[in-house]
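For reference, the structure discussed in these notes is given below.
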Amino acid sequence: MTEYKFPIVEDINLEELAGRKADIRTRGSLSIPKMKGWRIGAGNKSVRADAEQGLWLGHEQFVNAPFRVNVNGTLSCTGVIIRGTLNADDLVLGTLTGRRIRTSGTGSRVELIEGSSPSLPNSLVFYNLHGGVVGDIRGGDTWTILSGTYIFPSGTGVNPACVWEGPLGFRSLEVWKSSLRTRDITPLDTVNDLGSSVSRWRDIHLSQDCFVGRNIRITPQTGGTPAAGTLMFQSGTNRLLCHDGTAWRTISWV
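Just so you know, this note's numbering puts 137 at position 137 of the sequence shown, and the rest follows in order with no gaps.
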């Protein structure tokens, strides 16, 4: 092994030393303050460094190199394979691919998980401070959000246990914890009823007119069979009828 000692000069040409096919060693540090750059190899198969641009490889020009790092520490490359963990304060990019992508290594975080997990296939998972799952959106329960519209597959829907704070707003509809506010309630079909013989409204408060297409029945008992005392206003005849337990009878006005 040959050892060389360099004098202090302004410019150093290493081509002569490289031609001797010898290793170059130094017991301390090699400092070349005025060196503008260096290159290993040639053409697009070279590794280059420049004091003003940075470090790059795979191309003669820095701006066209598939791998380059400028003097400010900005890395640009065509692909990255990471076997361990990627930690970053901010990621601004096009596509990030991985079996597990998370916002934090531990504690409260959100994770995108590949479908290899039987319990969480292709999922967006939310974790609390201690790492326990507090919610997830799974690939098998597909739902899509398009232009502010929530679209659910047939047979599914939104089933919250409860809504504690604030309304759910749907244009002119507000759904609160124990109330419903809207401008108009329209049945899906003409045969639909508001309430039933089992589930009935206790009170209905109207500030203006009530328009009825057929009959108004006042039933003072539960069940569908009229009993004595049941009242009905019969449209078309403008008669107020009362059921006596057997048949409807006309009420005579005195």
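Using N, Cα and C, we set each Cβ at its ideal position, and we do this for glycine too.
Since this is a predicted model, take the numbers as computed values, not measurements.
Residue state for residue 63 is assigned as helix, using DSSP reduced to three classes. DSSP places residue 135 inside the beta strand (DSSP E), whose first and last residues are 133-137. Beta-bridge partners of residue 250 (DSSP): 241. The beta-carbon distance between residue 129 and residue 107, rounded to whole angstroms, is 5 Å. This is short enough to meet the 8 Å contact definition. Rounded to the nearest angstrom, the Cβ distance from residue 173 to residue 182 is 4 Å, consistent with a contact under 8 Å. Membership of residue 75 in the beta strand (DSSP E) is indicated by the continuous run 75-77. Going by DSSP, residue 110 is part of the beta strand (DSSP E) stretching over 109-113. Residues 46, 47 of the same chain have their beta carbon placed closer than 7 Å to that of residue 40, with the five preceding and five following residues left out of the count. Closest by C-alpha distance to residue 211, out of 188, 235, 229, is 235. Contact check for residue 114 against residue 125 fails: the beta carbons are separated by 7 Å or more. By alpha-carbon distance to residue 86, the top candidate from 203, 71, 102, 66 is 102. Secondary structure of residue 43 (DSSP, three-state): helix. Taking C-beta atoms as the reference points, residue 58 and residue 70 fail to come closer than 7 Å. Put simply, the backbone Cα of residue 36 is about 16 Å away from that of residue 60.
Cβ-Cβ distances below 7 Å link residue 250 to 239, 241 in the same chain, with the five nearest sequence neighbours on each side left out; the list follows chain order. Rounded to whole angstroms, the separation of the alpha carbons of residue 123 and residue 76 is 30 Å. Excluding sequence positions up to five before and after residue 78, its CB lies within less than 6 Å of the CB of 66, all in the same chain and listed in chain order.
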